[in-house]
Amino acid sequence: MPSSAREQRFRQHTAPNGRPIAEYGLLSDCSSAALLHCHGSIDWLCMPRFDSPAVFARILGERAGHWCIQPSTAFTAQRRYLPNSLAIETTFTTDAGVVRLTDVMAARTGQREHDLGLDAPHEVLRLVEGVEGSVELHLELAPRPEYGLVRPLFRRTDNGGRTFGGPNQVAVTSGVPVEVDAGTMRATFAVTAGKTAGFAMRWAAVESPDPVPTPADDVAAAVADTVEAWRSWEVHHHYYEGAQHDRVQLGSRVLKGLTYRPTGAIVAAPTTSLPETVGGERNWDYRFSWTRDASLTLQALYIGTCPDEAVDFVSFMTSAAGGGATAEDSLQIMYGIGGEHDLSERELPHLPGWRDSRPVRVGNGAWGQTQLDVFGQLLDMIYRYRERLGTLHPEIQHFVCQLADRAASSWEGRDAGMWEMRGEPRHHLSSKVLCWTALDRAVKLAEGLGVDARVERWAQERDRIREAVLTRGWSEARHAYAQSFDSDELDAAALLMPVVGFLPATDARMTSTIEAIARDLTEGGLVLRYRNQQGLNVDGLTGEEGTFVICSFWLVSCLAQAGQVERAQGLFDRLAGFANDLGLLAEEIDGATGEHLGNPQAFSHVGLITAAWDIDQARAAATSAAG
């Protein structure tokens, strides 16, 4: 979309809890995250962790807290990520002049490379710089802890303000005079060309000493130091040099921003309850570490940056599961980012939700589901990183063997599937294929797994799964592999079959499946997960959802692997074109309007990175064959 069109869209007024999701950018310190609107308002912020109760939650309710800095008069806005960082620079243009606003979540001073995210200070830094003329701006800061339930006592101090009461405390430094009334800080100030105004807000637990935010005069240096921290991480982890270099590197930074550096966990998304359908009930909390999502994230990072993060994640998963993967052990499909097991789901009735999409949920009931695909996702990631992981610690060897044993003994059962359906369990095809993947990778890893490796049994069950999938998974009526055994419904997860190496994309039945999905499981050329029709694909929920971005990228990968490179490139370009002005993608796209839906998810950037790689590989193979 041309910048003039973006500027026109940014002028449109919408309620704070109804602004388009695409108008938000992601800030992260690898411990928590914020969503920054293009008008200069931070409308989502959790401190000190991704899954902590929000201090700002205006995206889910107008009175649930925010921090806005914007011109007092009419303006247009353009923004970008500063190169090789997750710092957002917003340029406001008014009739009176131009100002720049730079926002970051601070890194610890002097932090570089792989240490990025350790000992995060839990601080937001905001720097206003005059570019041309003189621009009057308005500041409004309304901390509302516990998702807007708390309006704390907020007192003005000599250099800003601080809160008292409630479950935590924040302190603010301001480069301009402020007033505080009824729990809200406000200021009106002018910035002229060459002048700056710095602002900082630091969080601390209620039992901790008073937080000491960065002095206003030091904000510019602190912003520059955080930007350099991000750039040093990217330089240290820079590997991809393909045709989609800029998009892959941005996607890699976003995925890094969704890692919880203290433990190695990776969140599926930084938000909760941004709906899959406006006004619908498909509103989920994704601020946890799914085995599936995190494993796919690391596989994408392998392409983009080849990180050390894999070692941290394998250690996190092994310890979170208690070192075992038997039915008696504590292996789950997901954990809290600190290794928590109980992620019980509840609703927040005081919040109306984004565009009145109720309920707003925290926690996620899927933590208790059986999803058999997780064995394959985790073992595939370990296999991919085998050289980086080196000789596996005996505890991890034992864990890997138990994962394979569990896949071998469980694959014939029913489960909720990778889409976490809340209806009756089924024999989901994708779950069987990923159990095959688990055993295939375990056989290949066996030499380094010690005495617990049961290679013959793993190979035997792997071959049994393959036979079952090829026979019971095929729908003659659809000429495609189906959603579950002995059914005729389509599911985009079948596109994983070539991705994990179960079948080549050039196999006749696989090619037929790819075409069936492209023809019958799309809206506007974009791929749905499945069709939710009463009596057909019942997932236990009402309503519909948008097209799923990662599924469309899986189609790109399959087309590329099938040799249809130009068709794959065309779909890739169309999908990438739905990214917002910062290059970000949400979980879903409304095929009719192009609007972003759902939580801004890691999955979408995982799909983009993997699809870009597959197109590169297909082009290289075609060139080699021609030469």
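With our numbering applied, the sequence shown covers 1 to 627.
Beta carbons are placed, not taken as given, at the ideal position from N, Cα and C, and that holds for glycine.
(request) Taking 8 Å as the cut-off, decide whether the C-beta atoms of residue 28 and residue 264 are in contact. (result) no
(request) Give me the Cα-Cα distance between residue 358 and residue 239, rounded to the nearest whole angstrom. (result) 43 Å
(request) Closer than 6 Å by C-beta to residue 199: which residues in its own chain qualify, once you throw out the five before and the five after it? Chain order, please. (result) For residue 199, same chain residues with a beta-carbon under 6 Å away, outside a window of 5 residues either side, are 126 and 174 in chain order.
(message) I'd like the span of the beta strand (DSSP E) that includes residue 180, first residue to last.
(response) 179–181
(message) Between which residues of its own chain and residue 536 is the CB-CB distance below 8 Å, once the five residues before and five after are set aside?
(response) Confidence at residue 536 is low in this model, with a pLDDT of 48, below 50, so the placement of that residue should be treated as unreliable; the coordinate-derived value is given next. Within the same chain, residue 536 has close Cβ partners 489.
(request) From the DSSP output, in three-state form, read off residue 334 for me. (result) In this structure, residue 334 counts as strand in the three-state DSSP scheme.
(request) Using three-state DSSP, classify residue 382 as helix, strand or coil. (result) In the structure shown, residue 382 sits in a helix (DSSP, three-state: H, G or I).
(request) Pull up the distance between the alpha-carbon of residue 584 and that of residue 595, whole angstroms please. (result) 12 Å
(message) Please identify the residue among 191, 562, 245 and 502 whose C-alpha is closest to the C-alpha of residue 481.
(response) 502
(request) May I ask you to report which of helix, strand or coil DSSP gives residue 590? (result) Three-state DSSP puts residue 590 in coil, outside helix and strand.
(request) Report all residues from its chain with a CB closer than 6 Å to the CB of residue 548; omit the five preceding and five following residues, and keep chain order. (result) Cβ neighbours of residue 548 beyond the five flanking positions: 529 and 588.
(request) Evaluate residue 118 with the Cβ neighbour count: other Cβ atoms within 10 Å of its Cβ, from every protein chain shown; 16 or more gives buried, anything less gives exposed. (result) By the neighbour-count criterion, in which a residue is buried when 16 or more other Cβ atoms sit within 10 angstroms of its Cβ, residue 118 is exposed.
(request) Classify residue 620 as buried or exposed, calling it buried when 16 or more other Cβ atoms lie within 10 Å of its own Cβ. (result) exposed
(message) What residue range does the alpha helix (DSSP H) around residue 451 cover?
(response) Careful: residue 451 lies outside any alpha helix (DSSP H) and carries neither H nor E.
(message) I need the straight-line Cα distance from residue 462 to residue 267, nearest angstrom please.
(response) Here the alpha carbons of residue 267 and residue 462 stand approximately 30 Å from one another.
(message) Let me check understanding here. Comparing Cα to Cα, which of 495, 108 and 429 lies closest to residue 124?
(response) Measuring from the Cα of residue 124, the nearest candidate turns out to be 108.
(request) Helix, strand or coil for residue 488, going by three-state DSSP, please let me know. (result) Taken through DSSP and simplified to helix, strand or coil, residue 488 comes out as coil.
(request) Answer yes or no: the CB of residue 237 versus the heavy atoms of the ligand GTP, is any distance below 7 Å? (result) Looking for the ligand GTP in the displayed structure turns up nothing, as the structure carries no ligands at all.
(request) List the DSSP bridge partners of residue 78. (result) According to DSSP, residue pairing for residue 78 in a beta bridge involves 91.
(request) Within 10 angstroms of the Cβ of residue 241, are there 16 or more other Cβ atoms? Answer buried if so, exposed if not. (result) exposed
(request) Report the residue from 71, 90 and 506 whose alpha carbon sits nearest the alpha carbon of residue 191. (result) 71
(request) Indicate the three-state DSSP secondary structure (helix, strand or coil) for residue 219 in the structure shown. (result) DSSP, reduced to helix, strand and coil, places residue 219 within a helical segment of the structure shown.
(request) Please go through the same chain and pick out, in chain order, the residues whose beta-carbon is closer than 7 Å to the beta-carbon of residue 518, but skip the five residues on each side of it. (result) 555
(message) Let's see if you can read the secondary structure: which residues bound the alpha helix (DSSP H) around residue 169?
(response) Per DSSP, residue 169 belongs to no alpha helix (DSSP H); it is in the beta strand (DSSP E), 168–174.
(request) Can you tell me which of the three DSSP states residue 224 falls into? (result) helix
(message) For the pair the region 417–429 and the region 343–363, tell me if three or more CB-CB distances fall below 8 Å.
(response) no
(message) For a quick check, are the C-beta atoms of residue 575 and residue 276 less than 8 Å apart?
(response) no
(message) Short of 6 Å in beta carbon distance, which residues of its chain neighbour residue 385, apart from the five on each side in sequence? Order them along the chain.
(response) Here residue 385 has 310 as same chain residues with Cβ atoms under 6 Å from its own Cβ, once five neighbours each way along the sequence are excluded.
(request) Find the nearest neighbour of residue 221 within the set 44, 106, 89 and 182, judged by alpha-carbon distance. (result) 106
(message) Looking at the strands, I want to know which residues DSSP matches up with residue 156.
(response) DSSP output for residue 156 lists 161 as bridge partner(s).
(request) Could you tell me whether the Cβ atoms of residue 491 and residue 392 are closer together than 8 Å? (result) no
(request) Determine, using beta-carbon pairs with one atom in the region 50–67 and one in the region 344–354, whether at least three such pairs fall under 8 Å. (result) yes
(message) Considering only the alpha carbon of each residue, which of 404, 139, 115 and 121 lies closest to residue 234?
(response) 115
(message) Using only the alpha-carbon positions, how far apart do residue 159 and residue 320 sit?
(response) 43 Å
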